[in-house]
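Okay, so here's the structure we're looking at.
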Amino acid sequence: MIRSWTVRTAAVGAALAALCVGVPGVASAHHREFTPFPYDLSLGRGMSLPCVGEVGGDVFTPHDRPGIAVVTLTWRTFVTDACPLTVFVNMNNFDAPGVDPYSGAKPTGGTWLAHLTSARVGESAPADREWTKQLVIDIGSGNAGLTVTTDAPLNTTLLDPAGNTVRFTVA
49 MIRSWTVRTA
59 AVGAALAALC
69 VGVPGVASAH
79 HREFTPFPYD
89 LSLGRGMSLP
99 CVGEVGGDVF
109 TPHDRPGIAV
119 VTLTWRTFVT
129 DACPLTVFVN
139 MNNFDAPGVD
149 PYSGAKPTGG
159 TWLAHLTSAR
169 VGESAPADRE
179 WTKQLVIDIG
189 SGNAGLTVTT
199 DAPLNTTLLD
209 PAGNTVRFTV
219 A
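Anchor point for the sequence shown: position 126 equals 174 in the numbering used here, and the numbering is continuous, going up by one each time.
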């Protein structure tokens, strides 16, 4: 009698523990707050081999500001530093209405840009250099997606745009 109760309790406890360990952590009941996007490798402006580096970052959707997406961008180079680059964030909200009935504008997305000057990987950049930047974008609530490209003639987003598209949900 005691043995069957112990076995049953152990089995239920193991099942509950497996359920708790197997459930992924969620930042919110309805969507993740931070979504990283894949690194975009770039040769920099003018196909400069010393300016080869990576553009990275994430998109943050704060719960206290509905319809807002905060995009953080970073530009780091591997060989040298102080390489300029313009980064474009192409974003779309797939659930937004096609046309705003009051202004006639299309609130479904657009392109935003950031001018960055790189910092070398593993080193800190001077205080006056803007190698990282945040863009606050009012895109509206719903399912959204973004692709990061650069003004460099060769980067991984140009080679595979679908592989560098990130989908996320805006509160």
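Beta carbons are placed, not taken as given, at the ideal position from N, Cα and C, and that holds for glycine. Note that the structure is predicted; figures quoted are calculated from it, not measured.
Proximity of the segment 190 to 203 to the segment 102 to 119 meets the contact definition, three or more beta-carbon pairs being nearer than 8 Å. Within a 10 Å sphere around the beta-carbon of Asp112 sit fewer than 16 other beta-carbons, which makes this residue exposed. Judged by DSSP in its simplified three-state form, Thr109 adopts coil rather than helix or strand.
As computed with DSSP, Gly104 is found in a beta bridge with Thr122. When DSSP states are grouped into helix, strand and coil, Ala192 belongs to the strand group. Around the beta carbon of Gly188, 16 or more other beta carbons sit within 10 angstroms, so the residue counts as buried. In this structure, Ala175 sits away from Ala167, with a CB-CB distance that is not shorter than 8 Å. Closest by C-alpha distance to Ser90, out of Val214, Asp208, Thr109 and Phe216, is Asp208. Shown here, Pro209 sits in coil according to DSSP, grouped into three states, outside any helix or strand.
For Ala167, DSSP records a beta bridge to Arg124.
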